[in-house]
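**Student:** Numbering (this note's numbering), first residue to last: 804 to 1105.
All C-beta atoms, glycine included, are put in the ideal place defined by N, C-alpha and C.
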């Protein structure tokens, strides 16, 4: 259940500002969580390219993942609207009154439905895998975030991302086990660093997921330990799948840099600097791992 919406001003803004259509559109797009949405879409495209998908299918894959991630982001802002207002979230357009709860709810459903078209255009296997991935994200927003298994949707969704890419090939192919493991472990890092800055606000509004139960320090260390494990797993997979010297060199350099990011993250946690910087570090690492995979010339197909 979401809280009642505040009164709407004459221009449609719930904060009393007379925002125009461009501002409203910007606010609505902000509810997609654009940074993570674009990073995940980029990850999918690189995974698809590593699977040997032609350009046309890469475009369809990108559209499917973009719509799916936007749907999850909209659902998050819709379902958390009351909590976000209660704690004064300044990074959420709904909490700021720049866009209505009904608008993001409608957008979540529309994107979720539209996502099915490009997803199943990639084939029944890829379409079903992507549907489960997005449903897992919705399950988190719908209530799993309040439980000790709050990390499970992230493990499932990011673990399935390589499978969506490889199953989109003609004929469909399973993902390498190491690729699935990298995605699953990386999902742990994303969940923990995304939640850490909000532990106090979450506690006041009844959220008690796994990071809340473990506490800041343990959760922060766990997040960057997971990042380090993901980097090592990726390197091991690339060492078996790439035979070119430049590719292997890129893989090793990328792993070393990612491990440095993990060390920096742990130091920040131990120093008590638990803020959005930790999540940004994970996003930087994600892009780095994407570049590493692209440069290595390896494949994630089993």
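#1: On a CA-only basis, which of 1059, 910, 969 is nearest residue 799? Give me that one, please.
#2: Could you tell me the alpha carbon to alpha carbon distance between residue 1054 and residue 1095, rounded to whole angstroms?
#3: I'd like to check one pair, residue 943 with residue 956: are the Cβ atoms closer than 8 Å?
#4: Tell me the rounded alpha-carbon separation between residue 945 and residue 893.
#5: Closest by CA to residue 889, which one among 925, 1102, 962, 1008?
#6: Pop quiz: residue 831 and residue 884 are said to be a contact at Cβ under 8 Å. What is the actual Cβ separation, rounded to whole angstroms?
#7: Tell me whether the beta-carbon of residue 871 lies closer than 8 Å to the beta-carbon of residue 1086.
#8: Let me know if residue 954 comes out buried or exposed under the rule of 16 or more other beta-carbons within 10 Å of its beta-carbon.
#9: Quick one: which unbroken alpha helix (DSSP H) runs of 4-plus residues sit fully inside the region 1003-1076? Chain order, please.
#10: Can you tell me where the alpha helix (DSSP H) with residue 896 in it begins and where it stops?
#11: Going by C-alpha distance, which of 860, 900, 983, 1069 is nearest residue 930?
#12: Per DSSP, which one or two residues make a beta bridge with residue 1104?
#13: Quick check: the region 861-869 against the region 841-852, are there 3 or more CB pairs under 8 Å?
#14: Considering only their Cβ atoms, is the gap separating residue 1089 from residue 1065 smaller than 8 Å?
**Tutor:** The short version:
#1: Residue 799 lies beyond the stretch modelled for the chain, which goes from 804 to 1105, so this question has no answer here.
#2: A straight-line Cα-Cα distance of about 6 Å links residue 1054 and residue 1095.
#3: Taking 8 Å as the Cβ cut-off, residue 956 and residue 943 qualify as a contacting pair.
#4: 22 Å
#5: 1008
#6: Actually they are not in contact, since the Cβ atoms of residue 831 and residue 884 sit about 14 Å apart, beyond 8 Å.
#7: no
#8: By the 10 Å Cβ count, residue 954 comes out buried.
#9: 1013-1017, 1019-1044, 1048-1073
#10: 896-899
#11: Residue 930 has its Cα closest to that of 860, out of 860, 900, 983, 1069.
#12: 978
#13: yes
#14: The criterion of a C-beta distance shorter than 8 Å is not satisfied by residue 1065 and residue 1089.
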